[in-house]
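Its first residue numbered 181, the sequence shown is counted upward by one per residue in this note's numbering. Here a beta-carbon is modelled for each residue, glycine too, at the ideal position from N, C-alpha and C. Please read the structure below before turning to the comments.
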Amino acid sequence: MCPWTEEQPEPRLRGFLQRAPDRLRLYLDRGEDPDVVAAADVRTSGALTALLAALPSLIEETGGPPEGDPHCSRLVDLTSW
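Take a look at the structure:
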């Protein structure tokens, strides 16, 4: 049995889908529950490095249902971040 900790595990990049020339949808999960997949739409131009550093906390934001995307259970739009 693992000891309890307040720290959340880092999200794992499960895959990605190129949605447009400057837009990716990143699919992420956490190791302990791989059936729950969150998706984040991001732009490939601009401050992508800063976005990737902040991604673990950003995907915890309330996301909406993934319209027409069977690969995830929640979608967060970070294209304007």
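In three-state DSSP terms, what is residue i?
i: LEU231; result: helix
i: PRO236; result: helix
i: GLY226; result: coil
i: PRO250; result: coil
i: PRO214; result: strand
Grab the span of the beta strand (DSSP E) containing residue i for me, first residue to last.
i: LEU197; result: 192-200
Starting from the Cα of residue i, find the closest Cα among the options and give me that residue.
i: SER225; options: ASP257, ALA233, GLY248, ARG203; result: ARG203
i: THR259; options: PRO191, ASP249, PRO201; result: PRO201
i: PRO236; options: ASP249, VAL256, LEU197; result: VAL256
i: ASP249; options: PHE196, LEU232, PRO214; result: PHE196
Can the beta-carbon of residue i be found less than 7 Å from the beta-carbon of residue j?
i: ALA219; j: ARG199; result: no
i: CYS252; j: VAL217; result: yes
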